[in-house]
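Numbering (the working numbering), first residue to last: 126 to 330. Note that beta-carbon positions come from the ideal geometry of N, C-alpha and C, so glycine has one too. I have placed the structure first, in the form of structure tokens, so that the comments after it can refer back to it.
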Ligand code: CDP
């Protein structure tokens, strides 16, 4: 069976957690495409050329322990605005998406550019304050290195860069189901996503 689930949305909306949970429940593969851009950003920070880095990514680059930092997030969103970097990563993502057994991919342009034919498309979002608070709590809340207001500024700046870029801007595909998690706990959000997949899988009469 080839079955692709495309999940897009802004930072800290919950898409990674939802994507991982769907992959586990359905027993299919999962690719966090943000890691590709994070790994390119990390190589560029070390002096590499962005396109050369995107063309030569290895498993070891994707397993780097420093890819989740705020610095890596910002480096990722900068290289992600370069069309040649995005183009270099397309084939890898499409091959992964159509692998035997099915796959879940999460990112910013999966339903719109990478897999416009995905069987299920979800756009997971939440308001910026809620997403910033989640990131701040993950980073330690009161003990986080940055105050909530700074995290909110960074979330807004990254949203603006991701939505405003000319190539593959962040936006829902026309046929995506919008899942707003502002008021949802993560279990409810996962249950809704699973429901959307089951609705799509159930044969219509
Ligand atoms: O987990 P979080 O949403 O904070 O970030 P991520 O999904 O790892 O993505 C990091 C950055 O990579 C984003 O801000 C985007 O600029 C870029 N990205 C992209 O352009 N296209 C994708 N398919 C995935 C990520």
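Q: Could you round the C-beta distance between residue 158 and residue 227 to whole angstroms and report it? I think they count as a contact, below 8 angstroms.
A: About 16 angstroms; that fails the 8 angstroms criterion.
Q | Within 7 angstroms, strictly: CB atoms of residue 214 and residue 222 | A | no
Q: Can you grab the Cα-Cα spacing for the pair residue 301 / residue 144, in whole Å?
A: 15 angstroms
**Q.** Segment limits, beta strand (DSSP E) that includes residue 245
**A.** 245-250
Q.
Just verifying my parser: in three-state terms, what is the DSSP assignment at residue 143?
A. helix
Q: Report the residue from 167, 311, 219, 247 whose alpha carbon sits nearest the alpha carbon of residue 195.
A: 167
Q | Candidates 299, 136, 178, of which the one nearest residue 283 by Cα | A | 136
Q | Supposed close pair residue 290, residue 206 - CB separation, criterion 8 angstroms | A | 4 angstroms
Q) According to the neighbour-count rule (16 or more other Cβ atoms, all chains shown, within 10 Å of its Cβ), is residue 239 buried or exposed? A) buried
Q: Could you tell me which residues DSSP pairs with residue 304 in its beta bridges?
A: 249
Q) With 16 as the cutoff for other CB atoms within 10 Å, does residue 181 come out buried or exposed? A) exposed
Q) In chain order, what residues of the same chain lie with their CB nearer than 8 angstroms to the CB of residue 162, ignoring the 5 residues before and after it? A) 201, 202, 204, 205, 210, 214
Q) DSSP on residue 228, reduced to helix/strand/coil? A) strand
Q.
Please tell me whether residue 325 and residue 244 are closer than 7 angstroms, where the distance is taken between their beta carbons.
A. yes
**Q.** Rounded C-alpha distance that separates residue 138 from residue 256
**A.** 6 angstroms
Q. Which one of 253, 267, 305 has the shortest CA to CA distance from residue 285?
A. 253
Q) Helix, strand or coil for residue 174 per DSSP? A) coil
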